[in-house]
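*Asks:*
Residue numbers (our numbering): 22 to 112.
1. Note down the Cα distance separating residue 53 from residue 33, rounded to an integer number of angstroms.
2. Quick check on residue 78: buried or exposed, where buried means 16 or more other Cβ atoms within 10 Å of its Cβ?
3. I'd like the list of long-range same chain contacts for residue 113, defined as Cβ closer than 6 Å, with 5 residues on each side in sequence excluded.
4. Beta carbon of residue 82, beta carbon of residue 49: below 7 Å?
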């Protein structure tokens, strides 16, 4: 999935940039609310992977899956990677 940047629509790039900035602000706010001060892309990805492995994203994943089932998800994400994590298992 991605964006078609080849069209003639003059404001498409601006909308895409705006969406990216909104997503960035949302993830930073989400992490800040949990007292996580990550700023760089790599650090944010590591933090989110750790949170997923610990089951700390299960609520958000379940909410997305419900929206997807109801046909309310704007863009389909790969459901095979969006599964709640059973944090009771041993590694």
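Note that CB positions come from ideal geometry on N, CA and C, so glycine has one too. Computed from a predicted model, the values in this text were never measured in an experiment.
*Replies:* In brief:
1. 30 Å
2. buried
3. The structure shown has nothing for residue 113, since the chain only spans 22 to 112.
4. no
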